[in-house]
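Here's the structure we're looking at; comments come further down.
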């Protein structure tokens, strides 16, 4: 393989050349090209493109205070990262991996419980309804109801 030239395709291809008479024929037919009329192009563009724009210099001034920075960037800037040893990095990686496995197991368990609740005949899943109802301890007038029931139940000879 010594001495052989590797032929690679070029990254940028050269633009195709037009014949010399092509631009003149188009100008004669009434087609306007950028090369044919540079005066018209310059007349279209103003000499100063920012002539009509009025910008107040006070709006261009920006004040960078520690208070104006976001909390996240302020916290990141103050603390320095402590270099961790390889063992510590591996421990953190393993902990994250085990946490991910536990999360997957918990999600499967919750999904299985939901499917079991949905499979109950006629009623279906009652858990959202149970969560929506207030607890009995939160209801007003609970104590009054207990007194009436105790009076009704006990006989007054």
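In my numbering, the protein residues as written are 63 to 219.
Where is the CB? At the ideal position from N, CA and C, for every residue including glycine.
- Query: From residue 172 to residue 73, what does the alpha carbon distance come to, in whole angstroms?
  - Reply: 56 Å
- Which residues in the same chain have their Cβ closer than 7 Å to the Cβ of residue 194, if we skip the five residues on either side of it in sequence? none
- Query: CB-CB under 7 Å to residue 159, same chain, minus the five flanking residues each way: which ones, in chain order?
  - Reply: none
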